[in-house]
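Protein chains: 2
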Amino acid sequence: MMSLVGLSLRLRAAGCQGSTRTVATVVSGHKTARLVRQRLQVEVQEMRRVWSGFRPGLLVLQVGNRDDSNLYISSKLRAAAEIGIDAKHLRLPDSATQEQVLQSILSVNQDPSVHGLIVQLPLDSVNPMDPERITNTVSPEKDVDGLSCINAGKLSRGDLNDCFIPCTPNGCMELIRQTVVSVAGKHAVVIGRSKIVGAPMHDLLLWSDATVTTCHSKTPDLPEQVGRADILVVGAGRAEMVRGDWLKEGAVVIDCGINHIPDVTKVSGKRVVGDVHFASANQRAGFITPVPGGVGPMTVAMLMENTVQSARRFLLKSQAVEVNHAGFHRHGNRNGEVNRK
Amino acid sequence: MMSLVGLSLRLRAAGCQGSTRTVATVVSGHKTARLVRQRLQVEVQEMRRVWSGFRPGLLVLQVGNRDDSNLYISSKLRAAAEIGIDAKHLRLPDSATQEQVLQSILSVNQDPSVHGLIVQLPLDSVNPMDPERITNTVSPEKDVDGLSCINAGKLSRGDLNDCFIPCTPNGCMELIRQTVVSVAGKHAVVIGRSKIVGAPMHDLLLWSDATVTTCHSKTPDLPEQVGRADILVVGAGRAEMVRGDWLKEGAVVIDCGINHIPDVTKVSGKRVVGDVHFASANQRAGFITPVPGGVGPMTVAMLMENTVQSARRFLLKSQAVEVNHAGFHRHGNRNGEVNRK
């Protein structure tokens, strides 16, 4: 049952004015990511039950040994293990040439036990590397980061069921779904046009039937544009740039920023903030994601989602081949429930 | 020297209010397309002079024998001949299977004398065809229609110098350039999100540094959105939908619509109009494209532009290979002027 406070917030989110002045509902990325991971865990168990011994496979390819990359990779491997994904870590030395990196990718592309292949960026090599070429060598069918041109093209032209969606914007959509605010017909504003956040975020909101405005560093009237957003997604990379008084009352505010600012009260001398000034935005938004603990945890969860989705497609294809050959080898029932969502 | 009327229109286009009330400057697609074709003709002559006997090659692949397709193909072949492009027309019968179409495309992909390959849509075959798969079989390096996922992905992520831009939105940008209104920092509104007009138009305006809003059939407040546009591009497919009183004073209005409406004063009983109500829009816009004679003629011109661009890239690559092998076979001078623009 919905509480009165919850109801009031939802009315505000739906654009109703004059409701009791309360703070926004904070949409927790930790909680939402946990729900996604739990759902995937159940699905992977079901896959293993029906397709005896089957496990979705993920491979993380790293070049070099950057500390930050090592941290990110550990967190991906941990999440995969928890869900039941068979995750491998392939580290090439920083002396690897581009040709060696490409050869490794081509070899993993051929490996039927790997359903998702990601190349950890940035590449830490003493040799010249073309990240664009390397990213585009990953088979589009295994590109669970959604960074290849082919996946970007499909997403930008609305073929959402036939591509991999980049993990951060996919996570933002999952957070928006948690608010139960419908996207269709709303005015969404995206700040930023990067390949991994802003540009695919525009595509996702557009193909969810929002009217979408993309703003960026050359937008002269940012506060005015933001003030028209029912849904605002910020991936600008500037600490606390968006102020509360810019916002439309009751807006859904998704903050993709991760910025370090000085803070003498902390032992480290700094703290992490988003691109939105939380304290003031919280007074005006209907829903808001915190930093940290908002979009951040979603990125790894959606990488797992994409990996399981890739395994699901692989099983569907195998099943189709089996049906064509009239020779079922699958264990368990024959109705393919495991492949439905 | 700019006339007083021209100056007044430009002031209006720049957003200055209170100028003398005059009609918009009509931006002619016929005239602009002619300028593009003349420029290409000179460039192709120069290519032939420097690279003895070289001609850009275009191949139009048709399946079946639709009357409208035949008309469009004739107009492409005529434009190509005028410019000096070596254009071929390959027609497969309507009994062709998809496998045969794919084999033809793969064979043309390998032909070094063809720099641009387009598949005339719709495919007129008695057999089932997957246009998406057929379009994506065209080599991205020869996809001068810019319809493959790879080219769409590059465009949507801002890699404009490494892709082919679909011809209609590319033509719209050329028309906008004719107005000398700068795009950067302006608010552009695109109506429509189709693969060949709206979606790539958004990308082009965005990467020209406009703040871009995409509207579509699910946009509830279209007149209000349109009223904020300094630059408006309409690809909605609805006759005279955009009314003059929706427009911001002085806006640049580009109309991609081609609609037939009844007209008893015409022998045919109908006439062609755009998606914009020209008579009223003309009273309020700073610049406007007519229908017919606006965007229409630009599409073929930009197909020629893409074909010449593809040939230019081919020559640049050959030149690089030659330099690597220290074996020049090219006629004329060795400075590669032909490849610069």
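Chains as they are written, first to last, in full-length UniProt numbering: chain A, 1 to 341; chain B, 1 to 341. Even glycine gets a Cβ: it sits at the ideal position worked out from N, Cα and C. These numbers come from a predicted model, not from an experiment.
Per-residue DSSP class, three states only, for G57(B): Looking up residue 57(B) in the second sequence gives position 57. Strand, per DSSP.
Taking the beta strand (DSSP E) that L90(A) belongs to, which residues open and close that run? On the first sequence, residue 90(A) is found 90 positions in, with the first residue counted as 1. Its beta strand (DSSP E) spans residues D86 to L92.
Where the stretch 236-251 of chain B meets chain A: residues whose CB sits under 7 Å from a CB there: Closer than 7 Å at the C-beta level to chain A, one finds no residue of the stretch 236-251 of chain B.
Would you mind telling me which residues of chain A sit closer than 7 Å to P220(B), beta carbon to beta carbon, in chain order? As a position in the second sequence, residue 220(B) is number 220, starting the count at 1. Simply G185.
Can you name the start and end residues of the alpha helix (DSSP H) that V108(A) belongs to? Counting from one through the first sequence, the residue named residue 108(A) turns up at place 108. Looking at the DSSP string, the run of the alpha helix (DSSP H) that includes V108(A) is Q98 to Q110.
Nearest-angstrom Cα separation, counted from A152(A) out to V312(B): In the second sequence, the residue the question calls residue 312(B) occupies position 312. In the first sequence, the residue the question calls residue 152(A) occupies position 152. For the record, residue 312(B) in the displayed sequence is Arg; it is not Val. R312(B) and A152(A) have their alpha carbons spaced roughly 26 Å apart.
Beta-carbon neighbours of Q225(B), restricted to chain A and to distances below 7 Å: Here the question's residue 225(B) lines up with position 225 in the second sequence. Correct list: T211.
Closer than 7 Å at the beta carbon, the chain A residues around R157(B): Walking along the second sequence from the start, residue 157(B) turns up at place 157. Within 7 Å Cβ-Cβ: A152, K195 and A199.
Among P290(A), N282(A) and V273(A), whose alpha-carbon lies nearest the alpha-carbon of L246(A)? Start at 1 with the first residue of the first sequence, and residue 246(A) comes out as number 246. In the sequence as presented, Leu is not what sits at residue 246(A); that position holds Trp. Put simply, of P290(A), N282(A) and V273(A) the residue whose alpha carbon is nearest the alpha carbon of W246(A) is N282(A).
Can you confirm whether L102(B), when its beta carbon is compared against all beta carbons of chain A, has any partner nearer than 8 Å? As a first step, residue 102(B) must be located in the second sequence, where it is residue number 102. Not one chain A Cβ lies under 8 Å of L102(B).
Using the Cβ count rule (16 or more neighbours within 10 Å means buried), how would you classify V321(B)? The residue labelled residue 321(B) in the question sits at position 321 within the second sequence. Residue environment: V321(B) is assigned as exposed (fewer than 16 neighbouring CB atoms within 10 Å of its CB, all protein chains considered).
Assuming D145(A) and I118(A) make a contact with CB atoms under 8 Å, what is their CB distance in whole Å? Start at 1 with the first residue of the first sequence, and residue 145(A) comes out as number 145. Start at 1 with the first residue of the first sequence, and residue 118(A) comes out as number 118. Right, the Cβ-Cβ distance comes to about 5 Å (below 8 Å), so this counts as a contact.
Rounded straight-line distance, which links the Cα of A229(A) to that of K186(A): Along the first sequence, read from residue 1 onward, the residue named residue 186(A) stands at position 186. Along the first sequence, read from residue 1 onward, the residue named residue 229(A) stands at position 229. If you take the alpha carbons of K186(A) and A229(A), they lie about 8 Å apart.
K341(A) to N136(B) span [Cα, whole Å]: Taking the first sequence and counting its residues from 1, the one referred to as residue 341(A) is at position 341. Taking the second sequence and counting its residues from 1, the one referred to as residue 136(B) is at position 136. Confidence is the limiting factor: at K341(A) the pLDDT is only 34, short of 50, which leaves the residue's position unreliable and the question unanswerable from this model.
Please report the distance separating the alpha-carbon of V272(A) from that of P290(A). Here the question's residue 272(A) lines up with position 272 in the first sequence. Here the question's residue 290(A) lines up with position 290 in the first sequence. Cα-Cα distance, rounded: 11 Å.
Which residue or residues does DSSP assign as beta-bridge partners of C215(A)? The residue you call residue 215(A) lines up with position 215 of the first sequence. Answer is I191(A), bridged to C215(A).
Below 8 Å between beta carbons: does that hold for V189(B) and C163(B)? Here the question's residue 189(B) lines up with position 189 in the second sequence. Here the question's residue 163(B) lines up with position 163 in the second sequence. Cβ atoms of V189(B) and C163(B): not closer than 8 Å.
Within the 8 Å Cβ cut-off, does T214(A) reach chain B? Working through the first sequence from its first residue, we reach residue 214(A) at position 214. Yes, T214(A) lies at the interface with chain B (some Cβ there is under 8 Å from its Cβ).
Please state if the CB of P169(A) and the CB of V197(A) are separated by a distance shorter than 8 Å. Along the first sequence, one-based indexing puts residue 197(A) at 197. Along the first sequence, one-based indexing puts residue 169(A) at 169. Yes, the pair counts as a contact, with Cβ atoms nearer than the cut-off.
Using a Cβ-Cβ cut-off of 8 Å, state whether L315(A) counts as contacting chain B. Within the first sequence, the letter at position 315 stands for residue 315(A). Not a single C-beta of chain B is nearer than 8 Å to the C-beta of L315(A).
Terminal residues of the alpha helix (DSSP H) in which G158(A) lies: Taking the first sequence and counting its residues from 1, one reaches residue 158(A) at position 158. Taken as a continuous stretch (DSSP letters only), G158(A) belongs to no alpha helix (DSSP H), as it is neither H nor E.
Whose C-beta lies closer than 7 Å to the C-beta of L206(B) among residues of the same chain, with five residues either side of it excluded? One-based indexing of the second sequence puts residue 206(B) at position 206. Excluding residues within five positions, the ones whose Cβ falls inside 7 Å are V212.
Taking any Cβ of chain B, which residues in the stretch 160-192 of chain A have a Cβ under 7 Å from it, in chain order? Residues A184 and G185.
Quick one: does C256(B) have its CB under 8 Å from some CB of chain A? Taking the first residue of the second sequence as position 1, residue 256(B) is located at position 256. With 8 Å as the cut-off, C256(B) does not count as an interface residue toward chain A.
M1(B) burial status per 10 Å Cβ neighbour count (16 or more: buried): Taking the first residue of the second sequence as position 1, residue 1(B) is located at position 1. Caution applies to M1(B), whose pLDDT of 38 falls short of 50 and renders its modelled position unreliable; the value that the coordinates give is listed next. In this structure M1(B) is exposed. Its beta-carbon is surrounded by fewer than 16 other beta-carbon atoms within 10 angstroms.
Quick one: give me the first and last residue of the alpha helix (DSSP H) that P200(A) is part of. Stepping through the first sequence from its first residue, residue 200(A) is reached at position 200. Its alpha helix (DSSP H) spans residues G198 to W207.
Using 8 Å as the limit for Cβ to Cβ distance, is L206(B) near chain A? Counting from 1 along the second sequence, the entry for residue 206(B) is found at position 206. Taking Cβ atoms only, chain A reaches closer than 8 Å to L206(B), which makes this a yes.
Taking only the alpha-carbon atoms, compute the straight-line gap between V101(A) and S280(A) and give it to the nearest angstrom. Here residue 101(A) refers to the residue found at position 101 of the first sequence. Here residue 280(A) refers to the residue found at position 280 of the first sequence. So the alpha carbons of these two residues sit roughly 47 Å apart.
I need the DSSP call for residue 383(B), collapsed to helix, strand or coil. No answer is possible for residue 383(B): it lies beyond the span of chain B, which begins at 1 and ends at 341.
Taking V295(B) as the reference, give the member of T32(B), A80(B), A87(B) and M241(B) with the closest Cα. By 1-based counting over the second sequence, the position of residue 295(B) is 295. For the set T32(B), A80(B), A87(B) and M241(B), the Cα lying nearest the Cα of V295(B) is the one of T32(B).
Going by C-alpha to C-alpha distance, which of L316(B), V308(B) and L315(B) sits closest to Q41(B)? In the second sequence, residue 41(B) corresponds to position 41, counting from 1. Nearest option by C-alpha distance: V308(B).
Going by other Cβ atoms of all chains shown within 10 Å of its Cβ, with 16 needed for buried, is V126(B) buried or exposed? Start at 1 with the first residue of the second sequence, and residue 126(B) comes out as number 126. Flag for V126(B) reads exposed.
Decide if V338(B) is buried, meaning its Cβ has at least 16 other Cβ atoms within 10 Å, or exposed. As a working mapping, residue 338(B) is identified with position 338 in the second sequence. Residue placement at V338(B) cannot be trusted, given a pLDDT of 36 that sits under 50; what the coordinates show is reported in the next sentence. Classification for V338(B): buried.
Look at L61(B) and Q120(B) and say whether their C-beta atoms are less than 8 Å apart. Stepping through the second sequence from its first residue, residue 61(B) is reached at position 61. Stepping through the second sequence from its first residue, residue 120(B) is reached at position 120. Yes; because the gap between Cβ atoms is below 8 Å, this pair is in contact.
Measure from the alpha carbon of A87(A) to the alpha carbon of each residue in E99(A), S107(A), I73(A) and K248(A), then state which is nearest. Here the question's residue 87(A) lines up with position 87 in the first sequence. Of E99(A), S107(A), I73(A) and K248(A), the residue nearest in Cα terms is I73(A).
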